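As structure tokens, the structure follows; a few thoughts come after it.
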Amino acid sequence: MIRKLIRKVFSKARPKAAQHAQPKIIPEKKHGVRHSQISSCAIKVTAELQRAGFAAFVVGGAVRDLLLDKTPKDYDVATDATPEQVRDLFRRSRIIGRRFRLVHVMCGPETIEVSTFRGPAAGAADDDEDDGRKTRHVTSESGRILRDNVFGSQFEDALRRDFTVNALFYDPSSGEIWDYIDGYQDLKDGVLRIIGDPRTRYQEDPVRMLRAARFAAKLEFHLDPASRAPIAQMGHLLEDVPPSRLFDEILKLLFSGHAQRSLKQLRAEGLHHGVLPLLDVILEQPMGERFVTLALHQTDLRIKEDKPVSPAFLFAALLWHEVLAISQKLESAGERQIPALYQAMEQVIQTQVEMLAIPRRYTTNMKEIWGLQPRFTQRAGKRPFALLAHPRFRAGYDFLLLRCESGELDMELGRWWETFQHGSDVQRAEMLQPDTGPKKRRRRRKPKNAAHSADTADLAAED
Ligand code: ATP
Ligand code: MG
């Protein structure tokens, strides 16, 4: 009864959106997704829930991707069973999450996320009642949802999802797709449309704006004009989002396999100001743009080839040309090369983390990659051997190659290191350049300027 009322009030509040309290049911012969395409774990989980008398559907990105003939990254299941009821059904399962409480069910190496149908966001903020089906729903001053554990009907669950194409339910046992908001039609039309009133939905969760950019790029969908329009004025709301969540979402975007297109879309929506504030400056210089484009392109390729990708490496690449620009400025003002580089690194990281907090484990790694770069130009004496033995040699070398390939450095340097690292002891010895570098200078200068040369040697040989 109460749920019926909520449903009525809720659907009246959004008269423009296409919503159907009764779903349109699309049979297998129309949509074409076959049972054999579904992960066996998702089939097992939905079947088991249904056997126990609950409703259970594959939902979200997996249904969308299957319909688009893409392989789903992971599977989500939605059910009317509570998290406790789900957990009690599966031996290998556990309840996780605070913002959303859900259950992870494991089969072999696979994990399926099972969430209970959730109710509408609006109007539930002061609902204190906890009758076992409902828990509290909390919003921040700006309207952002902090916790969202109000259970609801399947229809309500569809409405609280982000985009119409992400709100389709697939039942593996009947082969049917249930569609409450014309997501199937949008998918066929290649339209990405936010569910409900766009302003309200971005206010509730500003991350949806980033997701809009990501999905539009990944799916090559057209962002519906009404869903797009408010983003230009609402991007600043991203400041209100916890940094760790923002960082997770940006990683998803950068490692979607469509980083190049996603970043372009992010800039087209003006959303990069809040997450990568230095990007404009970097992309304004042709060399900077070439370097970033190459880094993104290589990341996309590695993802397609199932090769590992490193967030630190990619962030180091995205910001490198700003590091270069600042350190060159410091050098022309009289600073020495290595201290100039280290100061530039600090400045760039500082500006970046004010907007998007990159976790320290990554910034440490980024600084190592950057800090190794001057050492690649030292090709005499023992130094190349020390660099080869450095635990971050590989990342530093890959970064060097990117610099060579983008035209910043002569390709000869990259090739030298390629041969040197794979060469025999004899070959390596033959490759070394005459030792006319800092060592001799240091000896000459020692009596006059001991402090200066010791300092340079320390930095150059740093770890
Ligand atoms: P992918 O996994 O390919 O990145 P996805 O659509 O599966 O895409 P997830 O982050 O895995 O994205 O989320 C699963 C589903 O949960 C989404 O399809 C959507 O229905 C819902 N969802 C996720 N994030 C939000 C959000 N911020 N607001 C509303 N619904 C969301
Ligand atoms: Mg997913």
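Just remember that the working numbering sits 2 ahead of the position in the sequence shown, which is counted from 1. We treat Cβ as the ideally placed atom computed from N, Cα and C, and that holds for glycine. If you're wondering where the values come from, they're calculated on a predicted model, not measured in any experiment.
- Here Cys-43 is not bridged, per DSSP, to any residue.
- Judged by the Cβ position, Gly-259 fails to qualify as a neighbour of the ligand MG at the 7 Å threshold, every heavy atom of the ligand being at least this far.
- Along the stretch 195-238, the alpha helix (DSSP H) occurs as fully enclosed runs of 4 or more residues at 200-206, 209-221, 227-230 and 233-236, listed in sequence order.
- Secondary-structure assignment with DSSP links Val-428 through no beta bridge to anything.
- Between Gly-185 and Leu-161, the C-beta spacing is not below 8 Å.
- In the three-state scheme derived from DSSP, where H, G and I count as helix and E and B as strand, Tyr-77 is classed as coil.
- Rounded to the nearest angstrom, the gap between the Cα atoms of Ile-196 and Leu-225 is 9 Å.
- Taken atom to atom, the span from the alpha-carbon of Arg-203 to that of Ala-318 is near 33 Å.
- Between the alpha carbons of Tyr-344 and Leu-326 lies a distance of about 11 Å.
- As the crow flies, the alpha-carbon of His-37 is around 16 Å from that of Asp-78.
- Beta-bridge pairing by DSSP links Glu-115 to Asp-78 and His-106.
- Look at Lys-75: its beta carbon is less than 7 Å from one of the heavy atoms in the ligand MG.
- Contact between Leu-256 and Thr-301 is confirmed by a C-beta separation of about 7 Å, below the 8 Å threshold.
- The Cβ atoms of Val-60 and Thr-73 lie no closer than 8 Å to each other.
- Within 7 Å of the C-beta of Lys-306 there is not a single heavy atom belonging to the ligand ATP.
- In this structure, Arg-216 is the residue among Ala-231, Gln-24 and Arg-216 with its C-alpha nearest to the C-alpha of Ala-261.
- Closer than 7 Å to some heavy atom of the ligand MG: that does not describe the Cβ of Gly-272.
- Between the ligand ATP and Ala-214, a heavy atom-to-CB distance of less than 7 Å is absent.
- Here the stretch 27-37 makes no contact with the stretch 81-88; the two share fewer than three CB pairs at distances below 8 Å.
- Its chain contains Tyr-364, Asn-367 and Met-368 as the residues whose beta carbon lies nearer than 6 Å to that of Ala-314, once the 5 sequence neighbours on both sides are disregarded; these appear in chain order.
- Closest in alpha carbon position to Ser-329, among Met-347, Ala-397 and Ala-20, is Met-347.
- Exposed is the label assigned to Pro-393, since fewer than 16 other Cβ atoms lie within 10 Å of its Cβ.
- In summary, Lys-220 is buried, with 16 or more beta-carbon neighbours lying within 10 Å of its beta-carbon over all protein chains present.
- About 19 Å separates the CB atoms of Leu-212 and Leu-285; that is not less than 8 Å, and the two are not in contact.
- Shown here for Ala-359: same chain residues with a beta carbon closer than 7 Å to its own, the five before and five after excluded, namely Pro-245 and Phe-249 in chain order.
- For the set Gln-267, Arg-66, Tyr-182 and Glu-206, the Cα lying nearest the Cα of Lys-190 is the one of Arg-66.
- Selection Arg-247, Phe-56 and Asp-199 evaluated against Arg-163 yields Asp-199 as nearest (Cα-Cα).
- Between the alpha carbons of Trp-180 and Leu-69 lies a distance of about 13 Å.
- Beta-carbon to beta-carbon, Phe-119 and Gln-156 are separated by about 5 Å, close enough to satisfy the 8 Å threshold.
- In this structure, the ligand MG has no non-hydrogen atom nearer than 7 Å to the beta-carbon of Asp-199.
- Beta-bridge partners of Gln-354 (DSSP): none assigned.
- Going by DSSP, Arg-66 is part of the alpha helix (DSSP H) stretching over 63-69.
- Distances from the CB of Arg-120 to the heavy atoms of the ligand ATP are all 7 Å or more.
- Short note on Asp-78: C-beta closer than 7 Å to some heavy atom of the ligand MG.
- A distance below 8 Å separates the beta carbons of Lys-75 and Gly-63.
- Comparing alpha carbon positions, the residue from Gly-55, Leu-265, Pro-386 and Leu-194 closest to Leu-320 is Leu-265.
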